[in-house]
Structure formats: C-alpha cells, structure tokens
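This note's numbering puts the first residue of the sequence shown at 123, with every later residue one more than the last.
Yeah, the Cβ is synthetic: ideal placement off N, Cα and C, and Gly gets one too.
What you are looking at is a predicted structure, and each value in this text was computed from that prediction instead of being measured.
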Amino acid sequence: LTAALHEPIMQLLIDDECFYDINPDISLNRFSKQERIKKFGTSSTRDYLDKIQKYRNVILTKLYTFTCTFIESLRSALDFFPTSLSFLISQMFIILSQSSELSSREIRCLCCDIIMTLFIGPAICEPEKHGIIADIPISTIARHNLNQVN
C-alpha cells in the first residue's frame with residue numbers, strides 16, 4: 123500500500139494551487155466576490171459563463187485524472203495486497219455467500235467498501251500516519267484534495 127499510494131499522493135501534494143471539489147460550484151464559492159470578478163469577469167455575461175464552465179471542466183478533469191492515477195497505482199500493486207487481509211475478506215465473502223440472500227455482486231461491493239473504508243481510504247486521507255509520506259507538510263488545500271480523491 124505504501125508503494126502503491128506514494129507516487130499518486132506526491133503528485134496531488136505538489137499540485138495544490140486550488141481545491142478540487144467533486145462539485146465544482148463549491149469551488150466557486152471559495153472565491154470572494156472580488157476574486158470571482160477578477161478571475162471570471164462580471165457575472166451574468168456570456169464571457170463569465172464560458173470562463174465558469176471552463177473552470178469547472180478543469181477542476182473535474184484534474185480530479186478525474188488524479189483518481190485514475192490512484193486506481194491504476196492500486197491495481198498495479200494488487201500482488202502485494204496483504205495476504206492476511208485478503209484471507210479475511212475471502213472468508214467473509216464465502217460466509218456471506220453461503221448464509222445470506224445477498225447477490226454475489228452485492229457481497230463484492232460490501233467487501234470493496236470494507237477495504238476502501240478501513241484500509242485504503244484512511245491511508246489516502248492521512249498518508250503521514252500510515253507511513254506513505256514522511257516529513258512533508260500537507261497544506262489545507264492538499265488535505266482537502268486527498269479527501270476528495272478518497
């Protein structure tokens with residue numbers, strides 16, 4: 123996990139000039155009225171709407187790119203997934219398959235949720251506590267963006 127997440131987290135930490143919100147409208151609210159006018163122009167004009175749309179597209183594209191980088195990095199490190207955790211998840215899958223009315227798809231989603239919520243998610247949100255990065259300060263913006271990727 124450390125090796126899989128190190129590079130994507132470092133990329134995200136380096137690129138922390140703006141908040142990458144899942145909802146780009148929230149990003150717009152982070153600007154003061156004066157900053158919005160300076161960056162996008164006068165509201166209700168065609169130019170303003172075009173610049174807002176372009177800004178939204180940039181934010182969503184960057185968030186999508188970062189998320190894909192994390193997913194690809196995790197996929198490439200699947201061989202190094204802890205065997206004990208893999209065993210526990212497989213046993214949970216078997217037990218649920220035999221004793222519940224959940225479909226295989228629902229059980230797989232549950233197993234994925236457990237791995238993301240208890241293992242991968244915390245490592246993305248707090249990489250310094252999980253040994254992924256050390257001695258690197260994480261800005262408020264970078265911390266927010268890590269949470270968005272998670």
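Buried or exposed (CB count within 10 angstroms, at least 16 for buried), residue i
i	result
F188	buried
D257	exposed
F192	buried
Y186	exposed
I144	exposed
C171	Here residue 171 turns out to be Leu, not Cys, going by the sequence shown. When all chains shown are included, L171 counts as exposed.
L134	buried
I181	buried
Residue of the options minimising C-alpha distance to residue i
i	options	result
A126	F203, I148, I260 and S261	F203
I136	Q270, P259, N272 and V180	P259
Y177	T239, H266 and F162	F162
N272	A245, S261, K251 and E250	A245
K160	I144, I174 and S206	I174
N267	L232, P130 and S206	P130
M214	E223, S195, L232 and R227	L232
I237	S222, L210, T183 and E248	L210
Residue i to residue j span [Cα, whole Å]
i	j	result
L218	A264	38 Å
D147	T164	17 Å
R152	I255	28 Å
R197	E157	40 Å
A199	S261	27 Å
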